[in-house]
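Accompanying notes for the structure given below.
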Amino acid sequence: PRALGVAVAIGISALVFSWFHHVGRGGEPFQWPVFLFRAVAGALLGLIFVVRGFAVVVYCHASYDVYYFLTHG
2 PRALGVAVAI GISALVFSWF HHVGRGGEPF QWPVFLFRAV AGALLGLIFV
52 VRGFAVVVYC HASYDVYYFL THG
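My numbering numbers the first residue of the sequence shown as 2 and each following residue consecutively.
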C-alpha cells in the first residue's frame, strides 16, 4: 500500500538526513541524542514534503538554520 511505502521512505530518508550531518570533513562528531534529534527533524521534514512539497521543506530547513546561527553564533 502507498501509505506503507511513504512511511518507509520517510523513515529511511530521515535516518540518511541525520547521518549526513555527521559524515565528511564538515560533519559533527557522532552523538546519539543529536542523531536522534536530527532523525526526528528529518521525519518531520519528510512529512511536510509529502503534504506540502519540496519548496516548503527548503524554507523550513533554511529558517531553522538562520535561527540556529543567530542563537548559537
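C-beta atoms are modelled at their ideal positions from N, C-alpha and C, and glycine is treated no differently. This one's a predicted model, so the numbers in the text were calculated from it and none came from an experiment.
Reduced DSSP category for residue i - H, G, I as helix; E, B as strand; rest coil
i, result
"F21", "helix"
"P30", "coil"
"G54", "coil"
"G74", "coil"
Through-space distance from residue j to residue i, alpha-carbon basis
i, j, result
"V35", "G28", "12 Å"
"V59", "Y68", "14 Å"
"A50", "C61", "According to the sequence as given, residue 50 is Phe; it is not Ala. Their Cα atoms are separated by approximately 10 Å."
Rounded distance between the beta-carbons of residue j and residue i, thought under 8 Å
i, j, result
"R39", "F18", "7 Å"
"V11", "G54", "Here residue 11 turns out to be Ile, not Val, going by the sequence shown. About 14 Å; that fails the 8 Å criterion."
"S15", "G43", "The amino acid at residue 15 is misidentified as Ser; the sequence shows Ala. A15 to G43, Cβ: 3 Å. Contact."
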